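Take a look at the structure below.
In this note's numbering, the protein residues as written are 1416 to 1860.
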């Protein structure tokens, strides 16, 4: 079956210039896969029989982005496109990178080194699709299959283990049995991969349309290497009326229930990990997990730092993990207290996590919690509309006002301001400078 793909004009210009100069040139890899599937490619990669120096002579503006490995970025109308010479990878010594690469004039040798059949196709508008390994058929069958012998591909580059699962999550494909078995056999090799690369692949899996594919990491032994606590969560039951799943299954339901945002998905994944260290069973045989949210936040901080996450992501995931089970009674007073702890701008996301958490619990829990969260959400909008005070910055008095009233800067002033904030959270109508100053002076007399 012939394939006709819609290629951007700039890409066609590059292909045409290379072909008119006597070289082969194709779009290759993920952009071909996505274009066939009707998805918008993130990048348009081009492969060619031209050597890097030959590519550079054909285009006015180029950047040597990876010339050692054959890659030159060609700039067309301000847009950059990677053009890479056909190559053969040498021996992989570190389970990640080839010791050397050899340039070749053969497209088939270049495609042979690629990871999965769906990523090993090339296309030119005039010559059509080059599909040597059944990638188009695997796209139709919704299958992830290694090119050639799976063990060879994963021996070469252990990162492909995570990429296979990530593609299955992004595309909702199944990994074919031989490839899946090889992933399980090579899971230990992930210890060779940098934390940064692991972070990227795990995050892409979590924020995909099918985050439940994260379970493949467990089924193939990957979590045993990268996140053994997740295996323990799946083995921990929750014997109380609020739950119908074990900790791990509950966690995955929460992950599916929050929006596809990296911070929310990671917070969902880690929100209950602290239960591993806080479980107790009372005299009636009911399980309790007192203090688990604090433990979850502590673990999340260490775990995400080890994966080299940025400080903002770590801070926000820990914040949501620590407060995901904040106590609400539906009153605006209690809602203001929680808002004061997490911030007005973060409260809607916290409520999304709380709702997803409730939806992943028992019918009894849902009946208790969901109506309450509806009232909390209504209260949040009332609080926002009335611009009620929940932070020191919004307090009607500040340090300067207290100094004018005769209070010296220092610990006492900080305690007074905090006391006033606590008061106006309880009684928002009293966030008036004169009222608060009078209250402060009378408390010191």
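From the three backbone atoms N, C-alpha and C, an ideal C-beta is built for every residue, glycine too.
These numbers were taken from a predicted model, which means no experiment stands behind them.
* Measuring CA to CA, which of 1707, 1684, 1575 and 1751 is closest to residue 1718? -> Position 303 of the chain shown, counted from the first residue, corresponds to residue 1718. Of the candidates 1707, 1684, 1575 and 1751, the one whose C-alpha sits nearest the C-alpha of residue 1718 is 1684.
* Hey, residue 1573 and residue 1617 are a contact pair by Cβ (cut 8 Å); roughly how many whole angstroms apart? -> Taking the first residue of the chain shown as 1, we reach residue 1573 at position 158. Taking the first residue of the chain shown as 1, we reach residue 1617 at position 202. At roughly 14 Å, the Cβ-Cβ gap does not stay under 8 Å, so residue 1573 and residue 1617 are not in contact.
* Asked: Can you name the residues that DSSP bridges to residue 1498?
  -> For the purposes of this step, residue 1498 is taken as the residue at position 83 of the chain shown. 1461 and 1487, per the DSSP bridge assignment.
* To do: Pick out the complete alpha helix (DSSP H) segments inside the segment 1562-1634, 4 residues or longer, and give them in chain order.
  => 1565-1571, 1574-1586, 1592-1600, 1610-1621 and 1629-1634
* Output the boundary residues of the beta strand (DSSP E) element that contains residue 1537. => What you label residue 1537 is simply residue 122 of the chain shown in a count that begins at 1. Where residue 1537 is concerned, the enclosing beta strand (DSSP E) stretches over 1536-1539.
* If you draw a straight line from the C-alpha of residue 1416 to the C-alpha of residue 1584, how long is it? -> Here residue 1416 corresponds to residue number 1 of the chain shown, with the count starting at 1. Here residue 1584 corresponds to residue number 169 of the chain shown, with the count starting at 1. With a pLDDT of 45 at residue 1416, under the threshold of 50, the predicted position of this residue should be treated as unreliable, though the coordinate-derived value follows. If you take the alpha carbons of residue 1416 and residue 1584, they lie about 27 Å apart.
* Can you have a look at residue 1418 and say buried or exposed, based on whether 16 or more other CB atoms are within 10 angstroms of its CB? => Locating residue 1418 in the chain shown gives position 3, where the first residue counts as 1. Residue 1418 should be labelled exposed.
* Just the C-alpha distance for residue 1580 and residue 1809, rounded to the nearest angstrom, thanks. => For this step, residue 1580 is matched to residue 165 along the chain shown. For this step, residue 1809 is matched to residue 394 along the chain shown. Rounded to the nearest angstrom, the two C-alpha atoms are 47 Å apart.
* Looking at the structure shown, is residue 1831 part of a helix, part of a strand, or coil, going by DSSP? -> Taking the first residue of the chain shown as 1, we reach residue 1831 at position 416. Reduced to three states, the DSSP call for residue 1831 is helix.
* Asked: Residues in its own chain within less than 6 Å of residue 1577 by CB, not counting five upstream and five downstream?
  -> As a working note, residue 1577 is residue 162 in the chain shown. Excluding positions up to five away in sequence, the list reads 1616.
* Hey, is the segment 1777-1790 in contact with the segment 1694-1707, meaning 3+ C-beta pairs nearer than 8 Å? -> no
* Asked: Which whole runs of the beta strand (DSSP E) in the segment 1683-1726 are 3 residues long or more, in chain order?
  -> none
* Asked: If we count the other Cβ atoms within 10 Å of its Cβ and call it buried at 16 or more, is residue 1707 buried or exposed?
  -> Counted from its first residue, the chain shown places residue 1707 at position 292. When all chains shown are included, residue 1707 counts as buried.
* For residue 1459, is the classification buried or exposed, using 16 other Cβ atoms within 10 angstroms of its Cβ as the cut-off for buried? -> The residue you call residue 1459 lines up with position 44 of the chain shown. The residue in question, residue 1459, is buried, as its Cβ has 16 or more Cβ neighbours within 10 Å.
* Contact check, residue 1843 vs residue 1804, beta carbons under 8 Å -> Sequence index remark: in the chain shown, residue 1843 carries index 428 (1-based). Sequence index remark: in the chain shown, residue 1804 carries index 389 (1-based). Yes, Cβ-Cβ distance for residue 1843 and residue 1804 is below 8 Å.
* **Beta-carbon contacts of residue 1729 that lie in its chain and below 8 Å, excluding the five residues immediately before and after** => As a first step, residue 1729 must be located in the chain shown, where it is residue number 314. Closer than 8 Å at Cβ, skipping near neighbours: 1715, 1716, 1719 and 1720.
* On the three-state DSSP scale, how would you describe residue 1788? -> Taking the first residue of the chain shown as position 1, residue 1788 is located at position 373. Correct three-state label for residue 1788: helix.
* Asked: Helix or strand or just coil, what does DSSP make of residue 1416?
  -> Residue 1416 sits at position 1 when you count from the first residue of the chain shown. Because the pLDDT of residue 1416 is 45, which lies under 50, any placement of that residue in the model is unreliable, and the number read from its coordinates should be weighed accordingly. Coil, per DSSP.
* If you draw a straight line from the alpha carbon of residue 1457 to that of residue 1678, how long is it in whole angstroms? -> As a first step, residue 1457 must be located in the chain shown, where it is residue number 42. As a first step, residue 1678 must be located in the chain shown, where it is residue number 263. When rounded, the distance between both Cα atoms is 22 Å.
* If we count the other Cβ atoms within 10 Å of its Cβ and call it buried at 16 or more, is residue 1725 buried or exposed? -> Counting from 1 along the chain shown, the entry for residue 1725 is found at position 310. Looking at its Cβ environment, which holds fewer than 16 other Cβ atoms inside 10 Å, residue 1725 is exposed.
* Asked: In angstroms, rounded to a whole number, what distance separates the CA positions of residue 1689 and residue 1761?
  -> Locating residue 1689 in the chain shown gives position 274, where the first residue counts as 1. Locating residue 1761 in the chain shown gives position 346, where the first residue counts as 1. Near 22 Å, if we compare the C-alpha coordinates of residue 1761 and residue 1689.
* For residue 1422, the three-state DSSP class (helix, strand or coil) -> For the purposes of this step, residue 1422 is taken as the residue at position 7 of the chain shown. Residue 1422: coil per DSSP, three-state reduction.
* To do: Measuring alpha carbon to alpha carbon, tell me which of 1492, 1462 and 1515 ends up nearest residue 1535.
  => Your numbering for residue 1535 matches position 120 in the chain shown. Cα-wise, what sits closest to residue 1535 is 1462.
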